[in-house]
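Chemist: For reference, the structure I am asking about is given below.
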Amino acid sequence: MKIFLAIISRDMLLAVRQGGATFLALIFFLLTVTLFPLGIGPEPAILARVAPGVLWVAALLAAMLSLDRLFQADFEDGSLEQLTLSGLPLSLIVLAKIITHWLTTGLPLLLAAPVLAVLLNMNDEGFEALLLTMLIGTPALSLIGAIGAALTLTVRRGGVLLSLLVLPLYIPVLIFGVSAIDAAVHGLNAKPHLLLLAALTVAAIPLCPWAAAAAVKLSLE
Amino acid sequence: MFQGRDIACERGERRIFTGLNFVITPGQALVLRGPNGCGKTSLLRISATLLTAADGALTWNGSDIAENPEGHRANLHYIGHQDAVKGALTVRENIAMWAKIRATATDHTEAAMAAFDITHLADTPAQYLSAGQHRRTALARLVASPAKLWLLDEPTVSLDQAGTECLQQAIATHQAKNGMVMAATHIELGLDDAEILQLKPQ
């Protein structure tokens with residue numbers, strides 16, 4: 004447990020030191036969402052209709068944008084093999100890195116989403132559902148993305164391949180995330196959608212670190 | 007005691023070596039010799055469990071390390087071709103961070119910097135270091151957190167004469183404390199009583 008926390012605090016320190024690059028995903032999220040009112044016109048009713056979808060699609064892309072940094076830097080300078088030798092099982096090391104990814108990407112997206120929802124004129128009823136879906140859904144983005152990041156470790160400029168691998172896997176998160184907000188906006192019960200989204204995340208917690216660890220081990224050989 | 011029996015290594019369907027045997031007892035050093043491509047790095051990586059041997063078994067005090075690879079990893083330090091030094095962190099932070107990740111009971115960071123004569127660089131971000139200073143920072147990990155077995159792959163690359171002497175001193179202290187060393191090196195490390203394992207190209 005001490006080693007686990009040491010890895011998280013190391014990655015957080017590195018993220019803070021690298022400043023700008025780390026929070027690129029957040030800036031990307033803000034920029035893409037602000038493009039939509041410009042692109043489809045300032046009609047409040049239309050914006051309110053598309054708001055949940057726009058927010059979630061932008062969040063997916065932003066989370067994906069930061070994935071290639073998850074293992075790549077540590078792989079290139081030899082830190083990843085040193086981490087492997089820390090005496091902690093590799094899947095836990097991977098989980099520690101996923102948690103840092105969520106803290107530096109998922110959490111800022113979650114905090115920025117309500118502000119952008121106002122910009123998109125989303126109904127008041129949707130805010131609670133928006134926050135809940137982001138809270139439940141963004142960890143799944145980091146977890147699933149870790150598999151893609153680990154698989155593309157040895158590929159030069161694997162960014163495009165990474166998005167081809169990961170985006171299809173993000174579709175269920177997108178569907179249940181958006182449908183929960185839509186249900187809340189239309190005064191329906193959002194709970195079933197939230198529960199399905201939670202099921203996705205809960206299933207991903209044991210499976211994804213295990214699969215990503217296997218991929219990391221292969222790339223180190 | 008660290009022992010390898012009948013170790014074979016395969017890389018990309020090509021046999022690198024077969025039937026390799028070695029024993030390292032506490033306080034002893036084993037030096038790997040041989041031409042490029044004969045498998046020195048592969049043997050060190052197999053010993054560090056970073057690579058899976060095609061055949062054979064490694065044992066630690068008689069028990070197979072495949073049964074408890076995490077326990078074996080906690081017993082060793084591996085210095086490879088890459089330094090695992092982060093440019094965004096200072097020298098002290100780099101060394102202390104790895105000591106923390108190795109869950110060391112007492113922090114030997116200051117002693118480690120003194121051993122490799124980089125104390126004056128303690129607060130310099132590692133991105134401004136020269137190649138030799140970079141290497142010294144990586145080697146300081148060896149002293150910062152104790153481990154019984156040191157696996158060193160060409161540890162003197164980019165070190166100057168004084169740096170090499172620091173490393174020799176560190177190895178001598180490690181051996182005096184019953185530590186084990188397995189090193190691939192082309193220059194003399196002053197390991198007088200070291201066993202030599204000659205690897206031959208297949």
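Going down the list, the protein sequences come from chains L and Y.
Residue 212 in my numbering sits at position 209 of the first sequence, and the numbers go up by one each step.
Residue 120 in my numbering sits at position 114 of the second sequence, and the numbers go up by one each step.
Note that beta-carbon positions come from the ideal geometry of N, C-alpha and C, so glycine has one too.
#1: In chain L, which residues lie with their C-beta within 9 Å of the C-beta of residue 188 of chain Y?
#2: Here's the rule I'm using: 16 or more other beta-carbon atoms within 10 Å means buried, otherwise exposed. How should residue 134 of chain Y be labelled?
#3: Which two residues bound the contiguous alpha helix (DSSP H) that contains residue 137 of chain L?
#4: Would you verify that the beta carbon of residue 103 of chain L is, or is not, closer than 8 Å to some beta carbon of chain Y?
#5: Please list, in chain order, the chain L residues whose beta carbon lies closer than 8 Å to that of residue 84 of chain Y.
#6: Using a threshold of 8 Å, state whether the C-beta atoms of residue 67 of chain L and residue 170 of chain L are closer than that.
#7: Using Cβ-Cβ distances below 8 Å, what residues of the segment 84–111 of chain Y are close to chain L?
#8: Along the segment 14–28 of chain L, what residues have a CB closer than 8 Å to any CB found in chain Y?
#9: Whose CA, out of L/29, L/5, L/11, L/212, lies closest to the CA of residue 153 of chain L?
#10: State the Cα-Cα distance for the pair residue 77 of chain Y and residue 88 of chain L, rounded to the nearest angstrom.
#11: In terms of residues, what are the limits of the alpha helix (DSSP H) holding residue 12 of chain Y?
#12: Can you list, in chain order, the residues of its chain whose CB lies under 7 Å from that of residue 208 of chain L, leaving out five sequence neighbours each side?
#13: Less than 8 Å separating the beta-carbons of residue 122 of chain L and residue 37 of chain L?
#14: Starting from residue 80 of chain L, find everything on chain Y with Cβ-Cβ shorter than 8 Å and list it in chain order.
#15: Measure the alpha-carbon distance for residue 183 of chain L versus residue 22 of chain L and round it to whole angstroms.
#16: Could one say the Cβ of residue 79 of chain Y lies closer than 8 Å to chain L's Cβ atoms, at least one of them?
#17: Based on Cα-Cα distance, which residue from L/51, L/172, L/76, L/224 lies nearest to residue 204 of chain L?
#18: From residue 33 of chain L to residue 40 of chain L, what distance separates their C-alpha atoms?
#19: So that I know if they touch, is there some Cβ in chain Y lying closer than 8 Å to that of residue 9 of chain L?
#20: Closest to residue 82 of chain Y by C-alpha separation, out of Y/107, Y/161, Y/181, Y/154, would be which residue?
#21: In chain order, what residues of the same chain lie with their CB nearer than 6 Å to the CB of residue 108 of chain Y, ignoring the 5 residues before and after it?
#22: In terms of residues, what are the limits of the beta strand (DSSP E) holding residue 197 of chain Y?
#23: Distance cutoff 8 Å, beta carbons only. Does residue 224 of chain L sit that close to anything in chain Y?
#24: Nearest-angstrom Cα distance between residue 278 of chain Y and residue 79 of chain L?
#25: Got a sec? Which residues, its chain only, sit under 7 Å from residue 140 of chain Y by beta carbon, not counting five neighbours each side?
#26: Under three-state DSSP, which class holds residue 119 of chain Y?
#27: For residue 4 of chain L, count neighbouring Cβ atoms within 10 angstroms of its own Cβ and tell me buried if that reaches 16, exposed if not.
#28: Where residue 188 of chain L and residue 56 of chain L are concerned, what is the direct C-alpha to C-alpha distance, given to the nearest angstrom?
#29: Could you compute how far the alpha carbon of residue 148 of chain L sits from the alpha carbon of residue 190 of chain L?
#30: In chain Y, what lies closer than 9 Å to residue 98 of chain L by C-beta?
#31: Is the CB of residue 91 of chain L under 8 Å away from at least one CB in chain Y?
#32: Just to confirm before moving on: does the CB-CB distance between residue 176 of chain L and residue 143 of chain L stay below 8 Å?
#33: Between which two residues does the beta strand (DSSP E) containing residue 63 of chain Y stretch?
#34: Drop a sphere of 10 angstroms on the beta-carbon of residue 30 of chain Y, count the other beta-carbons inside from all chains shown, and report buried for 16 or more, exposed for fewer.
#35: Quick one: Cα of residue 10 of chain Y to Cα of residue 200 of chain Y, how far?
#36: From residue 81 of chain L to residue 30 of chain L, what distance separates their C-alpha atoms?
Modeler: Result, derived from the coordinates:
#1: Counting from 1 along the second sequence, the entry for residue 188 of chain Y is found at position 182. None at all; the shortest Cβ gap to chain L is about 14 Å.
#2: Reading the second sequence from its first residue, position 128 is the one you call residue 134 of chain Y. Residue 134 of chain Y comes out exposed.
#3: Taking the first sequence and counting its residues from 1, the one referred to as residue 137 of chain L is at position 134. Unbroken alpha helix (DSSP H) run through residue 137 of chain L: 129–154.
#4: Numbered from 1 along the first sequence, position 100 holds the residue referred to as residue 103 of chain L. False, the Cβ-Cβ gap to chain Y never drops below 8 Å.
#5: As a position in the second sequence, residue 84 of chain Y is number 78, starting the count at 1. Chain L residues near residue 84 of chain Y: 84, 85, 88.
#6: Taking the first sequence and counting its residues from 1, one reaches residue 67 of chain L at position 64. Taking the first sequence and counting its residues from 1, one reaches residue 170 of chain L at position 167. In contact: residue 67 of chain L and residue 170 of chain L (Cβ atoms closer than 8 Å).
#7: 84, 86, 87, 88, 89, 90, 91, 92, 94, 95, 99, 103, 104, 106, 107, 108, 109
#8: 16, 17, 20, 21
#9: If you number the first sequence from 1, residue 153 of chain L lands on position 150. The residue with the shortest Cα to Cα distance from residue 153 of chain L is L/212.
#10: As a first step, residue 77 of chain Y must be located in the second sequence, where it is residue number 71. As a first step, residue 88 of chain L must be located in the first sequence, where it is residue number 85. The straight-line gap from Cα to Cα measures roughly 10 Å.
#11: Stepping through the second sequence from its first residue, residue 12 of chain Y is reached at position 6. Run containing residue 12 of chain Y: none in the alpha helix (DSSP H); it sits in the beta strand (DSSP E), 8–17.
#12: If you number the first sequence from 1, residue 208 of chain L lands on position 205. Contacts found: 146.
#13: Residue numbering aside, residue 122 of chain L sits at position 119 when the first sequence is read from its first letter. Residue numbering aside, residue 37 of chain L sits at position 34 when the first sequence is read from its first letter. Cβ distance < 8 Å, so residue 122 of chain L and residue 37 of chain L count as in contact.
#14: In the first sequence, residue 80 of chain L corresponds to position 77, counting from 1. Near residue 80 of chain L (Cβ distances below 8 Å), the residues of chain Y are 88, 89, 90, 91, 92.
#15: If you number the first sequence from 1, residue 183 of chain L lands on position 180. If you number the first sequence from 1, residue 22 of chain L lands on position 19. When rounded, the distance between both Cα atoms is 34 Å.
#16: Working through the second sequence from its first residue, we reach residue 79 of chain Y at position 73. Answer yes: the Cβ-Cβ gap between residue 79 of chain Y and chain L drops below 8 Å somewhere.
#17: For the purposes of this step, residue 204 of chain L is identified with residue 201 of the first sequence, where counting begins at 1. Ranking L/51, L/172, L/76, L/224 by Cα distance to residue 204 of chain L puts L/172 first.
#18: Stepping through the first sequence from its first residue, residue 33 of chain L is reached at position 30. Stepping through the first sequence from its first residue, residue 40 of chain L is reached at position 37. Those two C-alpha atoms are separated by around 12 Å.
#19: What you label residue 9 of chain L is simply residue 6 of the first sequence in a count that begins at 1. It does; some Cβ of chain Y falls within 8 Å.
#20: By one-based count along the second sequence, residue 82 of chain Y stands at place 76. When each option's Cα is compared against that of residue 82 of chain Y, the closest is Y/154.
#21: Translated into positions along the second sequence, residue 108 of chain Y becomes position 102. The answer, listed in chain order, is 151.
#22: Here residue 197 of chain Y refers to the residue found at position 191 of the second sequence. Neither: residue 197 of chain Y is in no beta strand (DSSP E) and is coded neither H nor E.
#23: Mapped onto the first sequence, residue 224 of chain L falls at position 221. Residue 224 of chain L counts as touching chain Y.
#24: Since the first and last residues shown for chain Y are 7 and 208, residue 278 of chain Y lies out of range.
#25: Position 134 of the second sequence holds residue 140 of chain Y. These residues qualify, in order along the chain: 89, 91, 132.
#26: Taking the first residue of the second sequence as position 1, residue 119 of chain Y is located at position 113. Of the three classes helix, strand and coil, the one that applies to residue 119 of chain Y here is helix, per DSSP.
#27: Residue numbering aside, residue 4 of chain L sits at position 1 when the first sequence is read from its first letter. That one is exposed.
#28: Translated into positions along the first sequence, residue 188 of chain L becomes position 185. Translated into positions along the first sequence, residue 56 of chain L becomes position 53. Roughly 12 Å between the two C-alpha positions.
#29: Along the first sequence, read from residue 1 onward, the residue named residue 148 of chain L stands at position 145. Along the first sequence, read from residue 1 onward, the residue named residue 190 of chain L stands at position 187. C-alpha separation (whole angstroms): 33 Å.
#30: One-based indexing of the first sequence puts residue 98 of chain L at position 95. In chain order: nothing, as chain Y lies at least about 15 Å away.
#31: Along the first sequence, one-based indexing puts residue 91 of chain L at 88. So, interface residue.
#32: If you number the first sequence from 1, residue 176 of chain L lands on position 173. If you number the first sequence from 1, residue 143 of chain L lands on position 140. A contact, by the Cβ cut-off of 8 Å.
#33: Locating residue 63 of chain Y in the second sequence gives position 57, where the first residue counts as 1. Residues 61–66.
#34: As a position in the second sequence, residue 30 of chain Y is number 24, starting the count at 1. Label assigned to residue 30 of chain Y: buried.
#35: Reading the second sequence from its first residue, position 4 is the one you call residue 10 of chain Y. Reading the second sequence from its first residue, position 194 is the one you call residue 200 of chain Y. Their Cα atoms are separated by approximately 17 Å.
#36: The residue labelled residue 81 of chain L in the question sits at position 78 within the first sequence. The residue labelled residue 30 of chain L in the question sits at position 27 within the first sequence. Approximately 29 Å, taken between the alpha carbons.
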